[in-house]
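First up is the structure itself, then whatever we jot down about it.
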Amino acid sequence: MRAVLWGKDHTTLGEVAVEKLDGDIAVALSRGLRRKAYRYTDLNEDAVAAVAGARATLLVVADGHNGWSSTEAAVTAVLDRLG
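Be aware that the sequence shown starts at 1055, since it is given in my numbering, and climbs by one per residue.
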């Protein structure tokens, strides 16, 4: 089982997106409460995922910089590797 939240899908200030995986496991993601005070490429360049297996649960977090495409590539590579 897996749950994934992509920053590119959550760009509203103050919004907190939550996705429940199973039982007591959930992931959450927010663009933040206030506008960024520095230059940026995309509104929300972060991602979070959780993968639950029979023996363990893995949390994947990417704090992106210079665009969400590198964040998406990194998290997708980890998730693809896990099946």
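Ideal Cβ placement from N, Cα and C applies to all residues, glycine included.
- Beta-bridge partners assigned by DSSP to residue 1123: none are found.
- A direct Cα-to-Cα measurement between residue 1059 and residue 1093 gives close to 23 Å.
- According to DSSP, residue 1104 shares a beta bridge with 1057 and 1113.
- Scanning 1071, 1068 and 1076 for the CA closest to the CA of residue 1110 turns up 1076.
- Looking at the backbone, the Cα of residue 1061 and that of residue 1108 are separated by about 28 Å.
- The three-state reading of DSSP puts residue 1067 in coil, since its state is none of H, G, I, E or B.
- Cβ-Cβ distances below 7 Å link residue 1106 to 1055, 1075, 1076 and 1079 in the same chain, with the five nearest sequence neighbours on each side left out; the list follows chain order.
- Distance between residue 1104 and residue 1081, taken at the CA atoms: about 7 Å.
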